[in-house]
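In terms of the working numbering, the sequence shown opens at residue 5 and continues consecutively. Heads up, the beta-carbon is just placed ideally off N, CA and C, and yes, glycines get one too. In what follows, a structure is listed as structure tokens, so that the remarks can point back to it.
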Amino acid sequence: MLSFQNHLSILKIKSYFLQPNEFKFQYVTEEEVKSIILELNPRKAALGFCLPASILREYLDIYLPILTQIINDTFDTGKFPDALKLAEVIPVYKKKDALNKENYRPISLLSYMSKVFEKIIYKQICNHIEPYLSNLLTGFRKNHNTQNSLLKMIEKWKESLDKGYYVNAIIMDLSKAFDTINHHLLIAKLKEYGFSFSSLKYILSYLQERSQRTNINNKFSPWEEINTGVPQGSILGPLLFNIYINDIFLFIDNGFLSNYADDSTLYTIDSDSLNALDNLGRNFLNLKSWFFENFMVLNPTKCQFMSLGSLSVGNDFVLNQDIVIPYTNQHELLGIAVDSELVFDSHIKNLCKKAGGKLNALSRVSTYIQEDQKRNLYNSFFKSQFSYCPLLWAFCSRHSNNLINKIHERALRLITNDDIASFQEMLKTTNEITIHQQNINFLLVELFKFTNGFSPPIMNEVFKLRQISYNLRNIREFHTETKKTIKYGTDSIVYKGAQIWEKLPREYKEITSLSLFKTSIRELSENLCQCRLCRNYIASIGFID
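Laid out in structure tokens, this is it:
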């Protein structure tokens with residue numbers, strides 16, 4: 005720890021969090037241990053030669069007092085059990101060339117008993133560290149997801165482009181971020197967040213002297229000791245990773261950083277093009293230095309530069325002779341193909357292609373299964389394609405929406421065996437709604453969660469509320485600004501969401517249960533959305549309503 009006392013991250017944390025509360029591991033009760041063991045999922049993979057979850061649960065009452073005492077004793081001694089530091093690594097194929105080892109993700113399998121210990125540690129650390137974590141840190145946190153991270157960034161981009169500002173971004177690429185974490189630097193950071201000496205000793209014991217071996221088709225490599233990083237597949241690892249990178253946001257000046265786990269996008273916004281690029285370059289060099297000082301490997305050659313909107317630069321971003329970041333007009337961020345115009349046509353085209361492939365597979369077996377089985381497969385393999393981060397592309401072009409409706413119609417014909425009825429007739433027959441209407445429901449749920457305080461803090465930077473009082477009741481409505489453009493202004497989630505929420509009947513807004521709200525809006529017959537996708541349109545004529 006002393007070797008890092010003048011480290012740039014340590015100094016920044018120390019200046020930002022002046023008097024953090026002290027953290028020390030607390031003894032656990034038998035009831036706490038019991039509840040965690042009963043929550044173990046026997047279907048999840050674990051270390052093969054260790055006791056299965058079913059045995060641990062069946063004989064729980066016999067060993068529970070002893071196990072509880074052992075856990076509390078480890079807190080006293082500051083030593084995590086060596087037997088629980090073993091892991092088997094399973095290489096899981098990601099994409100592209102299956103013969104290239106770089107295209108596999110290593111997943112660590114730990115024992116069930118290790119997960120019990122980690123869950124206890126996780127809960128206690130979480131309760132302490134949560135107030136110190138940045139609102140922009142969205143990975144591996146309760147009630148946070150990729151849509152929150154992307155929506156905050158995309159809506160900020162749209163708001164700025166609508167005002168005529170210059171928006172530039174660098175999508176950064178890190179190599180094996182989880183495996184490069186320096187244990188002693190992590191401990192030094194934890195100290196600045198208020199962790200006591202005994203708790204630091206225990207966490208360091210958890211991290212060090214761990215061993216792992218690779219398992220490929222039950223062929224094992226020799227055991228090897230791990231000297232850096234946190235174990236992927238563990239419960240505690242992602243939390244420690246978040247703590248390790250939490251201070252990165254403190255090094256951004258006149259810029260923004262969107263982060264989810266090891267995926268980070270740096271972007272700047274300015275009314276002057278040169279200022280926007282200068283701020284981008286300066287912040288990139290700051291982050292490059294941060295990654296180096298924190299033992300993380302940034303690959304400048306694999307980073308991508310995006311210049312957005314009609315004011316797009318369209319050229320590579322040249323910082324100096326050594327750093328040239330290639331320009332791209334489209335990049336996949338957290339599974340979403342984001343293009344420089346923010347229209348998402350390419351992403352939707354890819355979704356339809358994947359959904360079509362699933363329908364081809366379903367059609368080959370459709371004659372051998374019942375309609376209810378086809379419906380289950382339809383929900384699992386077709387509709388799920390359009391349920392990931394739908395708010396980013398909910399108000400897409402008519403062309404993209406027509407592609408979705410066309411593939412949706414094909415899916416309904418497959419499960420109903422009806423080649424005559426129209427798309428609208430089949431929707432009524434199957435009690436279905438269009439994908440666009442489904443997205444509107446997703447938006448209403450997101451707005452409901454926000455107005456009732458269920459959303460993560462990052463959403464406070466997306467939606468704004470204004471208070472309207474009438475009939476002795478307060479109804480929370482959304483604040484919007486005047487927009488200049490359609491694509492970046494009136495078609496944004498913020499603007500359209502405010503319009504839709506305003507039209508929602510009052511009795512729906514007064515619901516306090518999220519599950520009841522979801523059920524209620526499914527039965528809502530009125531179409532609250534009046535965007536171009538919901539209005540009647542005839543080619544060569546235009547909108548007719």
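- Linking I40 to L64 through their CA atoms gives a straight-line distance of about 11 Å.
- With a contact defined as Cβ atoms closer than 8 Å, L312 and L165 qualify at about 6 Å.
- In the displayed model, M310 falls within a strand according to three-state DSSP.
- Taking a cut-off of 8 Å on C-beta distances, the region 358-377 does not touch the region 313-333, as fewer than three cross pairs fall below it.
- Judged by DSSP in its simplified three-state form, H335 adopts strand.
- Bridge partners of I515 according to DSSP: none are assigned.
- The Cβ atoms of I239 and Y136 do not sit closer than 8 Å to each other.
- V342 has its alpha-carbon roughly 34 Å from the corresponding atom of S517.
- For the options N298, L448 and P509, the alpha carbon positioned closest to that of N10 is the one of N298.
- If you look at Y97, you'll find it isn't in any alpha helix (DSSP H); it sits in the beta strand (DSSP E) that goes L90 to Y97.
- For V342, the enclosing beta strand (DSSP E) covers residues I340 to D343.
- Contact between K167 and F260 is ruled out by a C-beta separation of about 15 Å, above the 8 Å threshold.
- In this structure, T438 lies away from N406, with their beta-carbon atoms at least 8 Å apart.
- A contact between stretches requires three or more CB pairs, one per stretch, nearer than 8 Å, and the region 19-35 meets this requirement with the region 191-202.
- Around the Cβ of N221, a 10 Å sphere holds fewer than 16 other Cβ atoms; the residue is exposed.
- Non-local C-beta neighbours of L42 in its own chain, meaning closer than 8 Å and more than five positions away in sequence, comprise R61 and L64, ordered along the chain.
- Contact annotation, R214 with P226: C-beta distance approximately 15 Å; criterion of less than 8 Å not satisfied.
- The C-alpha of H351 lies about 7 Å from the C-alpha of I340.
- Here the alpha carbon of I525 sits roughly 7 Å from the alpha carbon of N445.
- DSSP places Y499 inside the alpha helix (DSSP H), whose first and last residues are I497 to K507.
- For S164, the enclosing alpha helix (DSSP H) has its first and last residue at T150 to D166.
- Residue range D267 to D274 is occupied by the beta strand (DSSP E) that includes D274.
- If one requires a minimum length of 3 residues, the beta strand (DSSP E) runs lying completely within the region 52-125 are 90-97 and 108-113, in chain order.
- For P69 and D77, the gap between their C-alpha atoms comes out near 12 Å.
- Exposed is the label assigned to L22, since fewer than 16 other Cβ atoms lie within 10 Å of its Cβ.
- Bridge partners of T218 according to DSSP: V93.
- Nearest Cα to F348 within the set C393, F321 and I207: C393.
- Contact check between the region 393-403 and the region 443-457: three or more CB pairs, one atom from each, fall below 8 Å, which counts as touching.
- No residue range can be given for E213, since it is assigned to no alpha helix (DSSP H) and is classified by DSSP as neither H nor E.
- Around the CB of D251, 16 or more other CB atoms lie within 10 Å, so the residue is classed as buried.
- A direct Cα-Cα distance of roughly 12 Å separates Y382 from T434.
- In the DSSP assignment, N263 is bridged to L141 and S268.
- Contact annotation: N246 and F309 have beta-carbon atoms that are not nearer than 8 Å.
- Segment contact: the region 177-192 against the region 490-499, fewer than three CB-CB distances shorter than 8 Å; contact not assigned.
- Membership of I14 in any beta strand (DSSP E) is not indicated; the residue belongs instead to the alpha helix (DSSP H) covering L12 to Y20.
- In this structure, the alpha-carbon of Y271 lies about 47 Å from that of R368.
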